[in-house]
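Novice:
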Amino acid sequence: LMPVESPKTAVLDLYGFCRPASHVGGDFFQYFHHDQDSLVIAIADVTGHGMQAAIPAVLFGGILQNEMEELRASEEHMDRLNRSLHRTLGRHTFVCCCIVIVDLNRRRASVVNGGCPYPYFYSAQTGEIGEVSTGGLPLGAMPHSEYATTELELKKGDVMVFCSDGIVEANKGDEIYGFDRTTDCVQSASSANDNAEQIAKQIFAEVDSFVQNEDQNDDQTVVVLKVK
Numbered sequence: 006l007m008p009v010e011s012p013k014t015a016v017l018d019l020y021g022f023c024r025p026a027s028h029v030g031g032d033f034f035q036y037f038h039h040d041q042d043s044l045v046i047a048i049a050d051v052t053g054h055g056m057q058a059a060i061p062a063v064l065f066g067g068i069l070q071n072e073m074e075e076l077r078a079s080e081e082h083m084d085r086l087n088r089s090l091h092r093t094l095g096r097h098t099f100v101c102c103c104i105v106i107v108d109l110n111r112r113r114a115s116v117v118n119g120g121c122p123y124p125y126f127y128s129a130q131t132g133e134i135g136e137v138s139t140g141g142l143p144l145g146a147m148p149h150s151e152y153a154t155t156e157l158e159l160k161k162g163d164v165m166v167f168c169s170d171g172i173v174e175a176n177k178g179d180e181i182y183g184f185d186r187t188t189d190c191v192q193s194a195s196s197a198n199d200n201a202e203q204i205a206k207q208i209f210a211e212v213d214s215f216v217q218n219e220d221q222n223d224d225q226t227v228v229v230l231k232v233k
C-alpha cells in the first residue's frame, strides 16, 4: 500500500515511514503525482492494528487509488470516500484520513482531515509551529459528514509533519508521549535545517528514547513535507 520511494519535485522534499506494531498494520500513506502541477499526499489509520486493521486498510487502499484517478477538491475527495466506506466497512470499523493537495506552481497546500491528529506546520520565516486545525469525523463513521479545507501558503524552508496517533500515544508505563512532547520534537527537528528524512528519523528517535523498552502498542507513521 505504501510507496517504494518519494516523488521527486522541484518544490518539495518528501519522506514517509510507517512502523507497524506487528507484522501487518492499519496505518499507511501514499502519494499521487497527477502531473507536474499537483501532488496529493494521503495518510490513513484504520481502527485497531494487526490483521484486524490490515484487511480494511487494503480495501481502503483500493478505494483511495480509484478515487485519485481524477483530481478533485480535497473536501470532495473526503466526502466521496466517506460515503463509499460507510457502505463498505463494518459498523465498528472506520478510517482516520488526512488528504493534502499541493499546488506546486502556486506553492499552496489544501488540507482536509477526518479524525487524524492535526498536522503540524512549521514556518521557517518565524520559527513558530502550529497545528493545522481542520477536522471532521473519521471516514465511514456517518453516512453524511462535512469536511472543511484549510489553505496554506508554502514558503522556502517551511515544514509540514503528519503523525498518526501511534506517535502521540506511545507510552512508557501509564505515561504517554503526548501532544506537548510531539510539538516540541517536531519544532526542534524542523528548525535544524535538516531534510525531510532526517526530520522524520529524529521524531522516531525521540519517541524511542521516551518509551525505552516498552512494547509498541499501535502502528506509528510519520510523513514529512519540506519546501525547497
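According to the numbering used here, the sequence shown holds residues 6 to 233 in order.
From the three backbone atoms N, C-alpha and C, an ideal C-beta is built for every residue, glycine too.
This one's a predicted model, so the numbers in the text were calculated from it and none came from an experiment.
1) To the nearest angstrom, how far is the alpha carbon of T155 from that of V137?
2) Assuming V232 and F167 are in contact, meaning their beta carbons sit under 8 Å apart, how far apart are those beta carbons, in whole angstroms?
3) Assuming F99 contacts T52 (C-beta within less than 8 Å), just tell me the rounded distance between them.
4) Using alpha carbons as the reference points, say which of H91, T187, V45 and K161 lies closest to N198.
5) Leaving out five residues before and five after S43 in sequence, what residues of the same chain have Cβ atoms less than 7 Å from its Cβ?
6) Take every Cβ of the stretch 141-157, pair it with every Cβ of the stretch 83-103, and state whether three or more of those distances are shorter than 8 Å.
7) Within the same chain, show all residues whose beta-carbon is closer than 6 Å to that of D32, passing over the 5 residues directly before and after it, in chain order.
8) Would you mind stating whether V164 and Y127 have Cβ atoms separated by less than 8 Å?
9) For S214, is the classification buried or exposed, using 16 other Cβ atoms within 10 angstroms of its Cβ as the cut-off for buried?
10) Can you grab the Cα-Cα spacing for the pair V216 / S27, in whole Å?
11) Name the two residues that bound the continuous alpha helix (DSSP H) containing S196.
12) Please classify I48 as buried or exposed, where buried requires at least 16 neighbouring CB atoms within 10 angstroms.
13) Just to confirm, is the Cβ distance from D59 to G95 under 8 Å?
14) Got a sec? Which residues, its chain only, sit under 7 Å from K177 by beta carbon, not counting five neighbours each side?
15) Please return the same chain residues whose Cβ sits closer than 8 Å to the Cβ of G141, not counting the five positions on each side in sequence.
16) Would L6 and V63 qualify as a contact pair, given that the criterion is a beta-carbon distance under 8 Å?
17) With respect to the beta strand (DSSP E) encompassing G162, which residues constitute its N-terminal and C-terminal limits?
18) Which partner residues does G43 have in the DSSP bridge list?
19) Whole angstroms are fine: how far does the CA of A210 sit from the CA of D179?
20) Looking only at its chain, what residues have a beta carbon closer than 6 Å to the beta carbon of P124, apart from the 5 residues adjacent to it on each side?
Specialist: Looking at the atomic coordinates:
1) 7 Å
2) Rounded, the Cβ-Cβ distance is 15 Å, inconsistent with contact.
3) 6 Å
4) Cα-wise, what sits closest to N198 is K161.
5) L76, I106, V107, D108 and L109
6) The stretch 141-157, when compared against the stretch 83-103, does touch it at the 8 Å Cβ threshold.
7) C23, D50, S169, D224 and T226
8) yes
9) In summary, S214 is exposed, with fewer than 16 beta-carbon neighbours lying within 10 Å of its beta-carbon over all protein chains present.
10) 17 Å
11) Taken as a continuous stretch (DSSP letters only), S196 belongs to no alpha helix (DSSP H), as it is neither H nor E.
12) buried
13) The sequence given here places Ala at residue 59; Asp does not occur at that position. Against a cut-off of 8 Å, the Cβ pair of G95 and A59 comes out as no contact.
14) F215, V216, Q217 and E219
15) M83, V117, N118, G119, G120, S150, E151, Y152 and A153
16) yes
17) Per DSSP, G162 belongs to no beta strand (DSSP E) and is neither H nor E.
18) The sequence given here has Ser at residue 43, not Gly. Answer by DSSP bridge pairing, in chain order: D108.
19) Rounded to whole angstroms, the gap between the alpha carbons of D179 and A210 is 20 Å.
20) V137, M165 and F167
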